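First up is the structure itself, then whatever we jot down about it.
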């Protein structure tokens, strides 16, 4: 077991040394086009999921209070609802970043 811990410590020490030598600017050399595409895809999924969560909360509150949804039904209602949810997500994100 001590040999294994020594090996793990050695790997961690080399990793820390690598980051010190290259600093943050050295990490930019490792960014590929696939990484950028994956980051954009992950951001879009995050936004979609956040608007879906806000939409569920909005729908639940409308049901609890007996309020009618905005925009009616169908595709128009979906677009109006998503727009409202997107605004709510942006407001919440702004509030979180401001604190």
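In the working numbering, the protein residues as written are 38 to 136. Where a beta carbon is used, it is the ideal one built from N, C-alpha and C, also for glycine. All values derive from a computational prediction rather than experimental measurement.
Under the three-state DSSP convention, the category residue i falls into
i: residue 125; result: helix
i: residue 103; result: coil
i: residue 72; result: helix
i: residue 88; result: helix
i: residue 114; result: helix
Straight-line Cα distance separating residue j from residue i
i: residue 121; j: residue 80; result: 19 angstroms
i: residue 102; j: residue 110; result: 19 angstroms
i: residue 95; j: residue 129; result: 14 angstroms
i: residue 133; j: residue 112; result: 31 angstroms
i: residue 106; j: residue 91; result: 14 angstroms
i: residue 89; j: residue 100; result: 16 angstroms
Per-residue burial, residue i [other beta carbons within 10 Å of its own, 16 or more giving buried]
i: residue 124; result: exposed
i: residue 116; result: exposed
i: residue 77; result: exposed
i: residue 154; result: A question about residue 154 goes unanswered here, because the residues of the chain that appear run from 38 up to 136.
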